[in-house]
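Numbering (our numbering), first residue to last: 2 to 158.
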């Protein structure tokens, strides 16, 4: 059985987002230094490559599992891409794949929302947008969400 993330409740109001392609966060973006630390964390994960996203907007950076890694292919959006970080002006928000339980917890605790194509029944549950970290403290919580997505991609949860 998968252990839930045990996330704290995100403070404040939910950011505004689009309900069309591209699915974007419109406000409450984190400061550049925090978003840079988000990138640093993502691309420090073992066997994760920093590549242009194969499915997101130009400039989005994808977390792609190295081809030598054994993986859970249900965790990928396209190819071996399990997450991507959106570029300016949507700085720091990201789409990633999670197991259903973790995805539900992220949404219930206010850290993200289903991709709008999931809400329309076009894509399978587990693909979510995680909101941009507004502070160092929020970044720590978001790192735990990214870690869970990474472990899902490895088949560990």
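Here a beta-carbon is modelled for each residue, glycine too, at the ideal position from N, C-alpha and C.
Limits of the beta strand (DSSP E) - the one that residue i falls within
| i | result |
| --- | --- |
| residue 124 | Counting along the chain, residue 124 falls outside any beta strand (DSSP E), and DSSP gives it neither H nor E. |
Option in the options with minimal Cα separation from residue i
| i | options | result |
| --- | --- | --- |
| residue 1 | 103, 144 and 158 | Coverage of the chain is limited to positions 2 through 158, which leaves residue 1 absent and any answer about it impossible. |
| residue 72 | 102, 6, 104 and 47 | 47 |
| residue 29 | 78, 77 and 91 | 91 |
| residue 53 | 80, 5, 31 and 38 | 80 |
| residue 157 | 38, 76 and 89 | 76 |
| residue 12 | 138, 152, 147 and 155 | 138 |
| residue 36 | 15, 19 and 93 | 93 |
| residue 89 | 125, 59, 49 and 124 | 59 |
| residue 56 | 40, 24 and 74 | 24 |
| residue 136 | 34, 95, 104 and 7 | 34 |
| residue 155 | 27, 21, 67 and 105 | 67 |
8 Å contact criterion, which residue i and residue j should meet: CB distance rounded
| i | j | result |
| --- | --- | --- |
| residue 120 | residue 9 | Not confirmed; about 24 Å, so no contact. |
| residue 99 | residue 150 | 5 Å |
Alpha helix (DSSP H) segment containing residue i, residue limits
| i | result |
| --- | --- |
| residue 154 | 137-155 |
| residue 40 | 33-43 |
TODO: Identify every run of the alpha helix (DSSP H) within the segment 49-118, keeping only runs that are complete inside it and at least 4 residues long; order them along the chain.
DONE: 101-109
- [ ] Could you say if the segment 48-65 and the segment 126-133 meet the contact criterion of at least three C-beta pairs nearer than 8 Å?
- [x] no
Task: Given 8 Å, three or more beta-carbon pairs between the segment 77-87 and the segment 104-113 - done: no
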